[in-house]
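Chemist:
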Amino acid sequence: MAGQHWVDNSGTLYSPLLSEEVEHKAQPQLKFMQFCELKEEWGKNAGQTFVYDMVGNSTTQGTRLTETSTIPHSGYAIAQGTATLYEFGLTIPWTRLYEELAQPDIRAVPNKVLGDDYAKAMDTEAEAEFNNCRHRYVGTGTAGGVWTTNGTATDTCTSQFNTYHAKTMIDYMFQTLNCGPFSGDEYMAICSTNAKRGIYDEVEDILMYTKFPATGEFGKYYDCRFVRTNSTLSNAMGASSAYGEAYIFGDGNPVAMGVAVEMEIRQKEITDSGRSRGLTWYAIKGFDLRGKNNPNNHVVKYCSNGDAMTR
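Here the sequence shown is numbered in my numbering, starting from 18 and rising by one per residue.
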């Protein structure tokens with residue numbers, strides 16, 4: 018039969034061109050995944066666990082030398098992070114009758130729905146690793162807050178995220194945790210809608226004309242760049258429905274990502290004598306918060322009582 022064929026009846030195939038198209042459409046919705054560092058693409062037959070190296074500081078600091086002294090030697094610590102690769106996917110099925118009687122471009126809507134779902138699923142997985150941070154900060158007033166360092170918040174938030182809390186968290190990362198900035202001299206924050214509102218309302222005149230490259234970024238304040246998200250983070254926590262969660266992080270991309278199979282759009286196996294059809298997105302990936310077993314890691318979270326590490 019002449020014409021363009023998606024797949025014949027001999028097996029399950031996917032279209033690389035269509036997969037790239039859906040990935041491209043999904044990108045603007047990704048907020049957490051854009052801060053995940055791809056460590057390696059393993060491919061098939063490489064096992065379910067991936068291991069990556071994390072390099073620490075030199076064990077001895079450099080010092081002043083005299084003319085006859087020998088320059089001291091030093092090494093640096095190397096730790097390893099591990100994560101597990103998992104399968105992810107979703108199928109949208111349809112019947113042959115629907116395909117025969119519906120509009121000609123039968124796959125346009127499923128493609129969009131699958132692309133949106135992939136973005137949300139991967140952002141959820143990435144945020145779950147952000148949430149493994151041990152340092153949590155609760156605003157107990159517009160100019161006061163409480164830290165916990167065991168991964169669980171124990172006080173109730175009674176303040177919207179504001180410039181005071183943002184500066185407190187940034188200072189804590191710089192001075193207490195000795196955490197380097199995300200890029201250059203700047204830290205990065207991801208805010209729920211209400212957390213963004215708390216910052217934006219106070220410094221709107223400063224942020225009004227700023228433009229930055231990260232997806233969802235809306236401005237910079239106090240050596241920190243701010244990104245908004247409308248998913249995964251709580252937008253109604255603590256003592257008021259107007260309080261929202263936020264993360265601040267530094268020292269490069271905080272989450273490592275391993276890939277065995279990058280996202281593909283696949284034809285669902287055709288069954289029932291060709292009457293049951295559909296499309297699927299499928300991927301094998303894994304995420305890991307770098308240094309999550311080290312209490313001095315590089316992510317802090319603005320949250321409320323009961324918020325705890327995901328895994």
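Think of the CB as a built atom: it goes at the ideal place given N, C-alpha and C, for glycine as much as any other residue.
Using a threshold of 7 angstroms, state whether the C-beta atoms of C174 and G255 are closer than that.
Modeler: Within the sequence shown, residue 174 is the residue found at index 157, counting from 1. Within the sequence shown, residue 255 is the residue found at index 238, counting from 1. Between C174 and G255, the CB-CB gap stays under 7 angstroms.
Chemist: Per DSSP, what kind of secondary structure is R283 in: helix, strand or coil?
Modeler: Looking up residue 283 in the sequence shown gives position 266. Strand, per DSSP.
Chemist: For the candidate residues G291, N270, G236, G201, whose alpha-carbon lies nearest to that of L55?
Modeler: Within the sequence shown, residue 55 is the residue found at index 38, counting from 1. Closest option to L55, Cα to Cα, is N270.
Chemist: Could you give the DSSP three-state label for K184: helix, strand or coil?
Modeler: Locating residue 184 in the sequence shown gives position 167, counting from the first residue. K184 falls in the helix class under three-state DSSP.
Chemist: Leaving out five residues before and five after R245 in sequence, what residues of the same chain have Cβ atoms less than 7 angstroms from its Cβ?
Modeler: Here the question's residue 245 lines up with position 228 in the sequence shown. The answer, listed in chain order, is C208, T210, K213, G233, F235.
Chemist: Can you have a look at A253 and say buried or exposed, based on whether 16 or more other CB atoms are within 10 angstroms of its CB?
Modeler: Position 236 of the sequence shown, counted from the first residue, corresponds to residue 253. Exposed, because fewer than 16 other Cβ atoms sit within 10 Å of the Cβ of A253.
Chemist: Is it buried or exposed, I265, if we count other Cβ atoms within 10 angstroms and call 16 or more buried?
Modeler: For this step, residue 265 is matched to residue 248 along the sequence shown. It is buried - the Cβ of I265 has at least 16 other Cβ atoms within 10 Å.
Chemist: Of the residues F229, K285, R328, which one's Cα is nearest the Cα of L131?
Modeler: By one-based count along the sequence shown, residue 131 stands at place 114. Ranking the options by Cα distance to L131, first place goes to K285.
Chemist: Sorted by chain position, which residues of the same chain lie with C-beta nearer than 6 angstroms to Y181's C-beta, five sequence neighbours on each side aside?
Modeler: On the sequence shown, residue 181 is found 164 positions in, with the first residue counted as 1. Taking Y181 as the centre and dropping the five residues before and after it, the same chain places the C-beta of A160 closer than 6 angstroms to its C-beta, in chain order.
Chemist: Are the CB atoms of A368 and G275 nearer to each other than 7 angstroms?
Modeler: Lying outside 18 to 328, the shown extent of the chain, residue 368 is not represented and no answer is given.
Chemist: Among all the DSSP beta bridges, which residues are the ones paired with C53?
Modeler: One-based indexing of the sequence shown puts residue 53 at position 36. Beta-bridge pairing links C53 to V272.
Chemist: What residue range does the alpha helix (DSSP H) around E146 cover?
Modeler: What you label residue 146 is simply residue 129 of the sequence shown in a count that begins at 1. 125–147 is the span of the alpha helix (DSSP H), which, as asked, contains E146.
Chemist: Does L107 pass the burial test, meaning 16 or more other C-beta atoms within 10 Å, or should it be called exposed?
Modeler: Within the sequence shown, residue 107 is the residue found at index 90, counting from 1. Exposed is the call here.
Chemist: Looking at the structure shown, is I301 part of a helix, part of a strand, or coil, going by DSSP?
Modeler: If you number the sequence shown from 1, residue 301 lands on position 284. If DSSP states are grouped into helix, strand and coil, I301 belongs with the strands.
Chemist: If we call anything under 7 angstroms between Cβ atoms a contact, is E146 one with L306?
Modeler: Reading the sequence shown from its first residue, position 129 is the one you call residue 146. Reading the sequence shown from its first residue, position 289 is the one you call residue 306. Yes.
Chemist: Specify the secondary structure class of F191 as computed by DSSP and reduced to three states.
Modeler: For the purposes of this step, residue 191 is identified with residue 174 of the sequence shown, where counting begins at 1. For F191, the secondary structure class from DSSP, reduced to helix, strand or coil, is helix.
Chemist: If distances are taken between C-alpha atoms only, which option among H152, I109, Y103, A125 comes closest to N314?
Modeler: The residue labelled residue 314 in the question sits at position 297 within the sequence shown. Ranking H152, I109, Y103, A125 by Cα distance to N314 puts H152 first.
Chemist: Quick check: what's the CA-CA separation for G162 versus T185?
Modeler: Working through the sequence shown from its first residue, we reach residue 162 at position 145. Working through the sequence shown from its first residue, we reach residue 185 at position 168. Taking the straight line joining both Cα atoms gives about 9 angstroms.
Chemist: Using the C-alpha atoms, what's the distance from A206 back to S200?
Modeler: Here residue 200 refers to the residue found at position 183 when the sequence shown is read from its first residue. Here residue 206 refers to the residue found at position 189 when the sequence shown is read from its first residue. C-alpha separation (whole angstroms): 12 angstroms.
Chemist: Going by Cα to Cα distance, which pick from G197, T141, Y154 is closest to D324?
Modeler: What you label residue 324 is simply residue 307 of the sequence shown in a count that begins at 1. Ranking the options by Cα distance to D324, first place goes to Y154.
Chemist: If you check the beta carbons only, do I109 and G261 fall under 7 angstroms apart?
Modeler: As a first step, residue 109 must be located in the sequence shown, where it is residue number 92. As a first step, residue 261 must be located in the sequence shown, where it is residue number 244. Not closer than 7 angstroms, so no.
Chemist: Taking all protein chains shown into account, do 16 or more other C-beta atoms lie within 10 angstroms of the C-beta of T87, making it buried, or fewer, making it exposed?
Modeler: Position 70 of the sequence shown, counted from the start, is the residue given in the question as residue 87. By the 10 Å Cβ count, T87 comes out exposed.
Chemist: I need the straight-line Cα distance from I301 to A273, nearest angstrom please.
Modeler: Your numbering for residue 301 matches position 284 in the sequence shown. Your numbering for residue 273 matches position 256 in the sequence shown. Those two C-alpha atoms are separated by around 14 angstroms.
Chemist: Report, in whole angstroms, the separation of the C-beta atoms of A143 and M50, which I expect to be a contact under 8 angstroms.
Modeler: Within the sequence shown, the letter at position 126 stands for residue 143. Within the sequence shown, the letter at position 33 stands for residue 50. With a Cβ gap of about 5 angstroms, A143 and M50 count as contacting.
Chemist: Please name the residue, chosen from P230, I287, K237, that lies closest to D222 on a Cα-to-Cα basis.
Modeler: Along the sequence shown, one-based indexing puts residue 222 at 205. Its Cα nearest to that of D222, the residue K237 stands out among P230, I287, K237.
Chemist: If you draw a straight line from the C-alpha of A170 to the C-alpha of S321, how long is it?
Modeler: Residue numbering aside, residue 170 sits at position 153 when the sequence shown is read from its first letter. Residue numbering aside, residue 321 sits at position 304 when the sequence shown is read from its first letter. Answer to the nearest angstrom: the Cα atoms are 6 angstroms apart.
Chemist: What's the C-alpha gap between G303 and Y103?
Modeler: Residue 303 sits at position 286 when you count from the first residue of the sequence shown. Residue 103 sits at position 86 when you count from the first residue of the sequence shown. Their backbone Cα atoms lie some 6 angstroms apart in a straight line.
Chemist: Give the straight-line distance between the Cα atoms of V68 and N148, rounded to the nearest whole angstrom.
Modeler: Counting from one through the sequence shown, the residue named residue 68 turns up at place 51. Counting from one through the sequence shown, the residue named residue 148 turns up at place 131. Taking the straight line joining both Cα atoms gives about 20 angstroms.
Chemist: May I have the straight-line CA-CA distance separating F243 from A231, to the nearest angstrom?
Modeler: Along the sequence shown, read from residue 1 onward, the residue named residue 243 stands at position 226. Along the sequence shown, read from residue 1 onward, the residue named residue 231 stands at position 214. Cα to Cα, the separation comes out at about 9 angstroms.
Chemist: Thinking C-alpha only, which one of S290, N128, T77 is nearest T112?
Modeler: Within the sequence shown, residue 112 is the residue found at index 95, counting from 1. Closest option to T112, Cα to Cα, is S290.
Chemist: Tell me Y103's beta-bridge partners as DSSP assigns them.
Modeler: Within the sequence shown, residue 103 is the residue found at index 86, counting from 1. Its beta-bridge partners are K302.
Chemist: So, at 8 angstroms on beta carbons, what are the nonlocal neighbours of N179 in its own chain, with the 5 sequence-adjacent residues on each side left out?
Modeler: For the purposes of this step, residue 179 is taken as the residue at position 162 of the sequence shown. Same-chain partners within the cutoff: G156, T159, G215, I216, E219.
Chemist: Have a look at F229 and S257 and give me their C-alpha separation to the nearest angstrom.
Modeler: As a working note, residue 229 is residue 212 in the sequence shown. As a working note, residue 257 is residue 240 in the sequence shown. Cα-Cα distance, rounded: 31 angstroms.
Chemist: What residue range is occupied by the uninterrupted beta strand (DSSP E) comprising T157?
Modeler: Looking up residue 157 in the sequence shown gives position 140. Taken as a continuous stretch (DSSP letters only), the beta strand (DSSP E) holding T157 covers 152–158.
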